[in-house]
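Same order as they appear, the protein sequences are chains A and B. Going by the working numbering, the residue at position 75 of the first sequence is 187; the numbering climbs one at a time, nothing skipped. Going by the working numbering, the residue at position 131 of the second sequence is 243; the numbering climbs one at a time, nothing skipped. Quick reminder that beta carbons are idealized off the backbone N, C-alpha and C, glycines included.
2 protein chains.
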Amino acid sequence: MSKIIKQTSLADKVYDVLKTQILSGELKGGMIIPEEQLATQYGVSRTPIREAIRRLSEYGLVILKPRSHAMVYKVDDKEAEDIAVVRVALEKLAIQMITPDSLEKHIEELSRLAADCQYHLTLGDRAQLFVKDSLFHLELVKCAENDALFDLYERLDSRVQLLRIAQDLSDNELSDIISQHPSLLQYLKKNDKDAALKLIEHHVAHNM
Amino acid sequence: MSKIIKQTSLADKVYDVLKTQILSGELKGGMIIPEEQLATQYGVSRTPIREAIRRLSEYGLVILKPRSHAMVYKVDDKEAEDIAVVRVALEKLAIQMITPDSLEKHIEELSRLAADCQYHLTLGDRAQLFVKDSLFHLELVKCAENDALFDLYERLDSRVQLLRIAQDLSDNELSDIISQHPSLLQYLKKNDKDAALKLIEHHVAHNM
DNA sequence: TTTCAATCTATTGTATACAAAGGACACAGC
DNA sequence: GCTGTGTCCTTTGTATACAATAGATTGAAA
Chain A
113 MSKIIKQTSL ADKVYDVLKT QILSGELKGG MIIPEEQLAT QYGVSRTPIR EAIRRLSEYG
173 LVILKPRSHA MVYKVDDKEA EDIAVVRVAL EKLAIQMITP DSLEKHIEEL SRLAADCQYH
233 LTLGDRAQLF VKDSLFHLEL VKCAENDALF DLYERLDSRV QLLRIAQDLS DNELSDIISQ
293 HPSLLQYLKK NDKDAALKLI EHHVAHNM
Chain B
113 MSKIIKQTSL ADKVYDVLKT QILSGELKGG MIIPEEQLAT QYGVSRTPIR EAIRRLSEYG
173 LVILKPRSHA MVYKVDDKEA EDIAVVRVAL EKLAIQMITP DSLEKHIEEL SRLAADCQYH
233 LTLGDRAQLF VKDSLFHLEL VKCAENDALF DLYERLDSRV QLLRIAQDLS DNELSDIISQ
293 HPSLLQYLKK NDKDAALKLI EHHVAHNM
C-alpha cells in the first residue's frame, strides 16, 4: 500500500478546498475572502481558515493586505506572456531530460491523460478539460524525474490555470492544442527530441 | 518616496528571522523547531510563531510532520544536481531575455554586487560572500524583467543557499567562481550572449 | 536482554476572547 | 459639490485555554 492515509487537519482541508475553488474559477480573481465568513460557512473557527489563507498567500494564489483583507490573486495580461516564456523553457528542459526509461514509467499515464483531454473536449466540458490538460503537462514534467524542476513547474502551473480561466480560447484553438498531445507523445516515443521541442514551443505559445 | 513603510505583524517578523536563520545556517537542516520554545524565546504567543512556520513550510524551507513537529528542511546530495540543472536553465533563459535597455538599469547594482563578492572573498567572510553571490544572481535574473521567472528563481535560490552551507567548497574553487562575475558582466555589456551563456553554464555547474 | 503494550507527557491542533487598526459613514467647514 | 475629520463598526492580529495525539517512558512478560 503505497498511499499514506491522508490524515488532514481542518486547515489542510480548507486549504485544499480554497485552492480548488480558486483554480477552478469558482473563487474569482479579486474576490475578497473574509476569515469569519469562511469560518461560519465551513463550521470551524477562524484559526484553521486563517492558516489556509496564509499558506495560499505564500503559494501565490492569495494576496494579503495587512490588517485589511485577503483577496484572490488576479492575473493581469502582462503576466500572461511572462508565464508563457518561462513555461516553455521549463517544459523544454523537462523534455531534454527525459530518457527512454523514464518515459516508459509515465507513458501510460500520459496517454490516458491525453485521451481524457480529447474526451472532455468532445463533451465541451472546459473545466474538466483544463484540469486534465494541466495534469498532462505536469506528468510530462514529472518524466524528467527532477524534483526541483517539478516543484517550480507546479507553482507556475497554478498561474497558468488562473490565466486559462480569465482568457477563454475559441473552440478551434482549444481543439488544435489538445490534438497536439498525441503527436508529442509519438515524438517522445521515437526519442525525436528536436521534433518534440519544436512542437512544445508552438503548443505552449498558442495555448497562451 | 518609493518604499512603503513596512508595517510588519509579529508573524511577519518571526518569518523573516527564521528564514534568515535557516538560510544562514544558524538553524541547520534537520533541526526541530518547537512552537512553544520559539514563542518564549521571542516573547510572543504561539499564534504568530505558528503562522511563520506554516508559511515557511509552504515556501519549502520547513518540513511539517502533522501533529508531531516542524523540522528545518534538509537538502540531500541527490537534489544538488537537480537544482543545478534547473538553475542553469533559468539563468540562461534570463540572459537570453536581457536587452541593452534592461541591462542598463541593473548594471550598476550588478557591478556593485560583483565587487562586494570580491571584497568578502578577500576577507574570507563566507557567510557574507554567499549572501552577496545570491544577490548577484538574483539581480541578474531581475534584468530579464520577467516577474514569473524571478519568482521561481527566488524560490530555487533558497535551496541553493541551503546547499552552499551543506557542501563547502575550497577557497580556490570559490575564488574561481567569484572571479567569473566581472567577465560575465563584460560579455553582457558587449551583448555577446553566446559567451555569456557559455560562461554561466560553466559558472553554475562548478558552483555546485 | 528484548519486545510489546499500557500509560504518561510534551507538543501540536483548534476554539475562543480580546486588542488594534483600517475602512465606512456622518457631518462640519470651505 | 468637494474635502477633510472624527466616530463607529467590521475585520484582522494576537493571546490564551482547551482538546487530541504522537512519541517517550515505564514496566511486565518472554
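Report the neighbours of residue i on chain B: residues whose CB is nearer than 7 Å to its CB, in chain order.
i, result
"S121 (chain A)", "P178"
Buried or exposed: where does residue i fall if 16 or more other Cβ atoms within 10 Å of its Cβ makes it buried?
i, result
"L311 (chain B)", "buried"
"R179 (chain B)", "exposed"
"L235 (chain A)", "exposed"
"Q273 (chain B)", "buried"
"A182 (chain B)", "buried"
"A239 (chain A)", "exposed"
"A256 (chain A)", "buried"
"S282 (chain A)", "exposed"
"K244 (chain A)", "buried"
"D194 (chain A)", "buried"
"D269 (chain B)", "buried"
"K254 (chain A)", "buried"
"A317 (chain A)", "exposed"
"P146 (chain B)", "exposed"
"I144 (chain A)", "exposed"
Taking residue i as the query, report the chain A residues whose CB atoms sit under 9 Å from its CB, ordered along the chain.
i, result
"R158 (chain B)", "Neighbours of R158 (chain B) on chain A: none; closest Cβ ~11 Å, over 9 Å."
"R267 (chain B)", "D263, L264 and R267"
"L215 (chain B)", "None at all; the shortest Cβ gap to chain A is about 18 Å."
Taking residue i as the query, report the chain B residues whose CB atoms sit under 8 Å from its CB, ordered along the chain.
i, result
"K163 (chain A)", "First, the amino acid is wrong: residue 163 (chain A) is Glu here, not Lys. Chain B residues near E163 (chain A): R162, E163 and R166."
"R271 (chain A)", "A260"
Compute the Euclidean distance between the alpha carbons of residue i and residue j, then round it to the nearest angstrom.
i, j, result
"D128 (chain A)", "H232 (chain B)", "45 Å"
"L250 (chain A)", "H315 (chain B)", "29 Å"
"H293 (chain A)", "R199 (chain A)", "16 Å"
"A201 (chain A)", "L202 (chain B)", "8 Å"
"C229 (chain A)", "F242 (chain A)", "8 Å"
"N258 (chain B)", "E163 (chain A)", "30 Å"
"L130 (chain A)", "A123 (chain B)", "22 Å"
"D288 (chain B)", "S291 (chain A)", "49 Å"
"L225 (chain A)", "I134 (chain B)", "39 Å"
"E313 (chain A)", "I207 (chain A)", "11 Å"
"K125 (chain B)", "T152 (chain B)", "15 Å"
"P80 (chain A)", "R158 (chain A)", "Since the first residue of chain A shown is 113 and the last is 320, residue 80 (chain A) is not available in this structure."
"K301 (chain A)", "L222 (chain B)", "44 Å"
"T132 (chain A)", "E191 (chain A)", "21 Å"
"L168 (chain A)", "Q279 (chain A)", "22 Å"
"L205 (chain A)", "L176 (chain B)", "30 Å"
"G137 (chain A)", "R271 (chain B)", "32 Å"
"I277 (chain A)", "Y265 (chain B)", "25 Å"
"H214 (chain B)", "Y171 (chain A)", "Reading the sequence as shown, one finds Ser at residue 214 (chain B) and not His. Their backbone Cα atoms lie some 28 Å apart in a straight line."
"A196 (chain A)", "L309 (chain A)", "15 Å"
"V219 (chain A)", "S121 (chain B)", "According to the sequence shown, residue 219 (chain A) is Ile rather than Val. In a straight line, the C-alpha of I219 (chain A) is about 48 Å away from that of S121 (chain B)."
"F262 (chain B)", "L252 (chain B)", "10 Å"
"P160 (chain B)", "I165 (chain A)", "14 Å"
For a contact defined as C-beta to C-beta under 8 Å, what are the partners of residue i on chain A?
i, result
"Y171 (chain B)", "E170"
"L370 (chain B)", "Only positions 113 to 320 of chain B appear in this structure, which leaves residue 370 (chain B) out of reach."
Can residue i be considered in contact with the ligand ZN, in the sense that its beta carbon sits closer than 7 Å to one or more heavy atoms?
i, result
"L202 (chain A)", "No copy of the ligand ZN appears in this structure; indeed no ligand is present at all."
Would you list, in chain order, the members of the region 190 to 202 of chain B that have their beta-carbon closer than 7 Å to a beta-carbon of chain A?
Result list: E191, D194, I195, V197, V198 and A201.
Unbroken stretches of the alpha helix (DSSP H), 4 residues or longer, contained in the region 231 to 296 of chain A:
List check, alpha helix (DSSP H) in window: 238 to 254 and 259 to 278.
Inside the region 169 to 197 of chain A only - beta strand (DSSP E) runs reaching at least 3 residues:
174 to 177 and 181 to 184, all fully within the region 169 to 197 of chain A.
What ranges does the alpha helix (DSSP H) occupy inside the region 119 to 163 of chain A, keeping only unbroken runs of at least 4 residues that lie completely in it?
Here the runs fully enclosed are 122 to 136 and 147 to 154.
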